[in-house]
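For any residue, its number in my numbering is found by taking its place in the sequence shown, counting from 1, and adding 24.
Built from N, CA and C at the ideal position, the CB exists for glycine as well.
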Amino acid sequence: MSFDPDQIYEADYRVSSEGDVVRAPARRDPWLKRVLGPAGAALLFIATKLKFLLIGLKGVKFLGTGITALVSIGAYALLFPWQFAVGLVALIFIHEMGHVVVLRRYGVRATAPIFIPFMGALIGMKQLPRNAVMEAYVGLGGPVIGSLGALAAYGIYLLDGHRLFLALAYVGILLNLFNLLPVLPLDGGRAVGAISRWLWLVGIAGLLGLMILRPSPILLLILLFGAPELFRIFRERGKTNYYDVSPSERLTIGVIYFGLMFVLGFLLYELEPLMHALRPA
């Protein structure tokens, strides 16, 4: 799917009861060009998260979350309207809380998210995952809950018709789908370890292909973070039962992972015409 960032959304639109896009009186709104332009896209991909799960992090309360969220909103507002900045931070928060919820269901203490401007957010947990199954579910918690946040933004857009929520829904779906790539340290890389570790090699091959077709510092950064960890895992293969997964768990995780990828891909495909429909005639 392609998107021309040079096309600015100049007019306001509403969705009719029949599902048609109806154009309202035109007004200039160049901020959406910045949101979906090349620089904005790079920043948003960074915001997907270069996430670090800090082991043994203690004493981080919601006060830290609130302060760092405000700092991030201020930073994003330097580039985008403050409304979009608030929405972006909210989407990141919802995504990260998905990880926190799953960790706490496993009885692992986890902090609320701490935001880092243009780097997304991080959470702290008291101990590492016990096995690949736990790591997979913790990894999937973010995209699953984060996708619900993006769907909520889309629902508001359908009710209100304001293109801010369409942009947030589109970005939220895109970021969660990107996080499902089977590459460490992304969430998808954590999940596929319980399905088949060979999927990591597929992810690395795909990442290298993307870097050739569309060179990006973000892709290079992911490769630099993920390649050493992948090498370590394969080097230690057979020395631990960490990746011993029952067939039923492997099937369940596979259904969640591939099912979520399909749903998000379909939604992105469906939303793209609406995004293009907002272009001026």
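Asked, Found
"Skipping 5 residues on each side, what residues in its chain have a beta carbon closer than 6 Å to that of L172?", "none"
"Give the single residue among G170, L254, G212, A215 whose Cα lies nearest to the Cα of L112.", "G170"
"Which same chain residues, not among the five before or five after I97, have their C-beta less than 8 Å away from its C-beta?", "W106, A109, V110, V113"
"When you compare only the Cα positions, how much space is there between V195 and V132?", "30 Å"
"Name the one or two DSSP bridge partners that Y146 has.", "One detail in the question is off: residue 146 reads as Leu in this sequence, not Tyr. According to DSSP, which records beta bridges pairwise, L146 is partnered with I138."
"Using the Cα positions of F258 and G217, report the straight-line distance between them to the nearest angstrom.", "11 Å"
"Output the distance between the C-alpha atoms of E273 and E159, rounded to the nearest integer angstrom.", "12 Å"
"Which first and last residues belong to the alpha helix (DSSP H) in which G217 is found?", "Neither: G217 is in no alpha helix (DSSP H) and is coded neither H nor E."
"Taking the alpha-carbon positions, what's the H186 to Y293 distance?", "20 Å"
"When the Cα of G190 is compared with those of G250, E120, L201, A176, which residue comes out closest?", "A quick correction: the sequence has Leu, not Gly, at residue 190. Measuring from the Cα of L190, the nearest candidate turns out to be A176."
"Between the Cα of F117 and the Cα atoms of L234, L210, T92, which residue gives the shortest distance?", "T92"
"Taking DSSP as the reference, what is the three-state secondary structure of T276?", "helix"
"Hey, how far is the Cα of T89 from the Cα of A134?", "13 Å"
"Any contact of the region 278-286 with the region 233-242, i.e. 3+ C-beta pairs under 8 Å?", "no"
"Put D268 into one of helix, strand or coil per three-state DSSP.", "coil"
"With burial defined as no fewer than 16 other Cβ atoms inside 10 Å of the residue's Cβ, what is the status of G230: buried or exposed?", "exposed"
"For the candidate residues V124, Y100, N155, M149, whose alpha-carbon lies nearest to that of I140?", "Y100"
"Determine the direct distance from the alpha carbon of L182 to that of A301, and round the result to whole angstroms.", "15 Å"
"By a C-beta neighbour count over all protein chains shown, 10 Å radius and 16 as the cutoff for buried, is D211 buried or exposed?", "buried"
"Please classify V39: does DSSP put it in a helix, a strand, or coil?", "Note that V39 scores a pLDDT of 44, beneath 50, so its modelled location is shaky and nothing firm can be said."
"Could you work out which residue in A156, H119, V126, R128 is closest to L146 when comparing CA atoms only?", "H119"
"Helix, strand or coil for L292? Go by DSSP, reduced to three states.", "helix"
"May I ask whether a heavy atom of the ligand SAM can be found less than 6 Å away from the beta carbon of L172?", "Absent from the structure shown: the ligand SAM. Ligands present: none."
"When you compare only the Cα positions, how much space is there between L298 and L115?", "20 Å"
"Determine whether the beta carbon atoms of A215 and G250 lie at a separation below 7 Å.", "no"
"Pull up the distance between the alpha-carbon of M235 and that of Q151, whole angstroms please.", "34 Å"
"Please work out which residues of its chain come closer than 8 Å, Cβ to Cβ, to V125, disregarding the five sequence neighbours upstream and downstream, and give them in chain order.", "G165, I169"
"Candidates N200, E296, Y161, A193: which alpha carbon is nearest I219's?", "Y161"
"Please return the same chain residues whose Cβ sits closer than 7 Å to the Cβ of G278, not counting the five positions on each side in sequence.", "I219"
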